[in-house]
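Quick note: the numbering used here has the sequence shown finishing at residue 189, numbered continuously throughout. Think of the CB as a built atom: it goes at the ideal place given N, C-alpha and C, for glycine as much as any other residue. Presented below is the structure to which this report refers.
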Amino acid sequence: MEISQQMAEHGFELDHLRMPYPELQTSSLESTIIPGLLWLVSKYDRPIMIDDSGLFIDSLGGFPGVYSSYAFKTLGCEGILRLMEGAQQRDARFECCIGFLAPAGEPFIAKGVAKGSISDEMKGSGGFGYDPIFVHENHAMTYAEMDTGEKNKLSHRGRAMEKFIDSLPSLL
């Protein structure tokens, strides 16, 4: 997992809570995170970090955006490529928001954006989600063709994690 790897490089170990929480469906990633953080901290009384990411495709009006997880489960990469058939304009971006809240603290959100485009076909076997169809700007490979270290340097999640890790000492 990208986040665990980056945190370990800075001396932090994460406990992954596989706990569903109420997730509002709104127009931005930022506005979905804070209610989730508040709910989880009230339930567990410990520092909580949430990662919410989405793929925003310009020619599809930002779809799948905040619905990226659901769209991936129902359409997958193949469905997105079908929606994009014949599209000349293929600009897209990944956005990631890392939210953090410690008990008695204030919510913090670090956002990372990676611009790129949607490929014409699936390529690569690494990564997860939409990685086989996303080509980062100024690169020829999809995220799924890159090794994790290279992807972390470029990715939306990697950029959000850099901001988060830089701010972490003041949050604890």
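Check	Outcome
Going by the DSSP bridge assignment, what does residue 57 pair with across the sheet?	Answer by DSSP bridge pairing: none, since residue 57 is not bridged.
Can you tell me whether DSSP reads residue 121 as helix, strand or coil?	coil
What's the call for residue 133, buried or exposed, on a 16-neighbour Cβ count within 10 Å?	buried
What is the DSSP secondary structure of residue 127, counted as helix, strand or coil?	strand
Identify every residue that forms a DSSP beta bridge with residue 73.	81, 110
Can you list, in chain order, the residues of its chain whose CB lies under 7 Å from that of residue 159, leaving out five sequence neighbours each side?	136, 140, 141, 148, 149, 150, 151, 152
Have a look at residue 126 and residue 175 and give me their C-alpha separation to the nearest angstrom.	14 Å
Three Cβ pairs or more, each shorter than 8 Å: is that satisfied between the stretch 77-96 and the stretch 58-68?	no
In whole angstroms, what is the alpha-carbon distance linking residue 103 and residue 130?	26 Å
Who are the Cβ neighbours of residue 94 in its own chain at under 7 Å, not counting the five residues just before and after it?	139, 147, 149, 150
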